[in-house]
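Notes follow the structure.
There are 2 protein chains.
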Amino acid sequence: PNQYVVIGLGRFGLSLAKELVHLGQEVLAIDQSEERVREAEEAGVYAVQANARSKMALREAGVQNVENVIIAIGEDLESSILATMICKELEIPRIYAKADNPVHADVLRHIGVERVIFPEEEVGKRLAHSLVTGVLMDYIDMAPDASIMELTVPDRFVGKSLGVLQLRRKYGISVLVIKRGDSLIVSPHGDHSFQAGDILIVLGARSEIERLQRR
Amino acid sequence: PNQYVVIGLGRFGLSLAKELVHLGQEVLAIDQSEERVREAEEAGVYAVQANARSKMALREAGVQNVENVIIAIGEDLESSILATMICKELEIPRIYAKADNPVHADVLRHIGVERVIFPEEEVGKRLAHSLVTGVLMDYIDMAPDASIMELTVPDRFVGKSLGVLQLRRKYGISVLVIKRGDSLIVSPHGDHSFQAGDILIVLGARSEIERLQRR
Ligand SMILES: Nc1ncnc2c1ncn2[C@@H]1O[C@H](COP(=O)(O)OP(=O)(O)OP(=O)(O)O)[C@@H](O)[C@H]1O
Ligand SMILES: Nc1ncnc2c1ncn2[C@@H]1O[C@H](COP(=O)(O)OP(=O)(O)OP(=O)(O)O)[C@@H](O)[C@H]1O
């Protein structure tokens, strides 16, 4: 079964689908427009033509037993809402949907989406930050496999301090934030010890982060 | 003189303007629609009604001697392009413009913008990453004034190692990346010493980062 279904291949949906494929994920893309389906296929995304207002059409297209569906239909509010409701009925664990305006967003939240996405607003805010700080947060993506990832503290680290564990020296990993219950410890220093249940947000090479989780 | 001018108060422009104001910046917003100007003013953004196709109207509105102009007109390609050309003629140092499609983007680049912005595509890519890593990079924004910022290495740090400087302990600051010429050192460990000309990308409380730069 596919991991991700993207419904709607506008600029947002198509770039989401392409990037997921680029990140090695299984993706099924759906659009009612034959032209957009073809465009997606030409970009290396497996796509199927279907009308997302029809439960039967979505089932036949393969939208069931998937972990994540992203509804990327913007202008056609009815289609966006109907498609979301159908996915809810199909018991998709995580549904994400793009919203065109706050009222649209409220309806989607009522139906029960994981997260509502507002591309224009989010990029507006992000641009404001990067203009002011002069820093694009995408620097983190510039080193070939450097990633920011979240992981549960490995058992063998509980009760040990960062200074003793030397994660930077051994794995080249920075612990950026420790999430402990409701509090956030940003840039924890060497004396901080990990506690059971801590969630860590780390920066480092993806392969090293995986190695840390395995050993 | 204002620091930022935002032309066009669609969702992208309005949220950019609001966030810049929130970040303490001087902002002038411009839109041809009286309704959108009023909406912006109600949101605390100083806004003026003007048609961005007219050099005289833009001059009268105060678009001159500004550092940055962001052209946030999406659908009306002619207006977007004309406004950009006018800003070039007014010798604005940095012009940013939102583009609706790759051809639009090419024209803007030809005129000479600092950066072309594609909100839908950028958010599509970013969502792909956060779905796959399970981490929203916005966690960094969750601690009240934690920021990622870029700074030139302070003179007094040159030749000293991270282990000796103890930035986390003294300032609660993590050095995430050292940019040295064309190379990137991600999550540098304690033995790394700073060199003249290094550019640091750091995570920490904004006030502490400023304190570090001052002393
Ligand atoms: N009922 C539907 N079933 C399947 N696809 C649909 C349906 N309604 C709309 N779509 C598709 O959704 C896609 C995105 O919709 P649209 O372009 O209106 O949104 P948008 O918000 O303007 O897109 P973007 O801003 O991401 O470019 C279109 O390709 C359209 O064909
Ligand atoms: N010549 C012009 N002078 C001033 N404002 C203009 C001009 N042309 C368009 N605008 C304004 O630009 C704003 C944004 O344009 P529009 O809504 O078409 O773009 P958009 O890309 O759909 O917006 P968004 O996606 O950010 O919501 C509108 O509020 C509109 O009034």
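The listed protein sequences correspond, in order, to chains A and B. For the first sequence, this note's numbering gives the first residue as 1, with consecutive numbering after it. For the second sequence, this note's numbering gives the first residue as 1001, with consecutive numbering after it. The C-beta atom is built at its ideal place from N, Cα and C for all residues, glycine as well. Since this is a predicted model, take the numbers as computed values, not measurements.
Residue i versus chain B: which residues are under 9 Å apart at the beta carbon?
i, result
"residue 68(A)", "1131"
"residue 240(A)", "The structure shown does not extend to residue 240(A), since chain A is modelled only from 1 through 215, so no value can be given for it."
"residue 203(A)", "1174, 1176, 1177, 1186, 1187 and 1203"
"residue 25(A)", "1128, 1131 and 1132"
Looking at the strands, I want to know which residues DSSP matches up with residue i.
i, result
"residue 179(A)", "184(A) and 199(A)"
"residue 1031(B)", "1049(B)"
"residue 1149(B)", "1202(B)"
"residue 1097(B)", "1071(B) and 1116(B)"
"residue 130(A)", "Answer is none; residue 130(A) lacks a bridge partner."
"residue 1005(B)", "1028(B) and 1069(B)"
"residue 158(A)", "194(A)"
"residue 216(A)", "The first residue shown for chain A is 1 and the last is 215, placing residue 216(A) beyond what the model contains."
For a contact defined as C-beta to C-beta under 8 Å, what are the partners of residue i on chain B?
i, result
"residue 168(A)", "1187, 1188, 1189 and 1190"
Can you name the residues of chain B whose CB is closer than 7 Å to the CB of residue i?
i, result
"residue 125(A)", "1015 and 1019"
"residue 146(A)", "1186"
Quick one: list the residues of chain A neighbouring residue i, beta-carbon separation under 8 Å, in chain order.
i, result
"residue 1109(B)", "By Cβ distance, chain A contributes nothing, its closest Cβ being about 17 Å from residue 1109(B), past 8 Å."
"residue 1117(B)", "123 and 127"
Report the neighbours of residue i on chain A: residues whose CB is nearer than 7 Å to its CB, in chain order.
i, result
"residue 1012(B)", "120, 123 and 124"
Could I get the ranges of all uninterrupted beta strand (DSSP E) runs contained in the segment 65-90 of chain A, with 3 residues as the minimum, in chain order?
68-71
May I have all residues whose beta carbon comes closer than 5 Å to any heavy atom of ligand 1, sorted in chain order?
8(A), 9(A), 10(A), 11(A), 12(A), 31(A), 32(A), 33(A), 36(A), 51(A), 52(A), 53(A), 73(A), 74(A), 75(A), 76(A), 79(A) and 1120(B)
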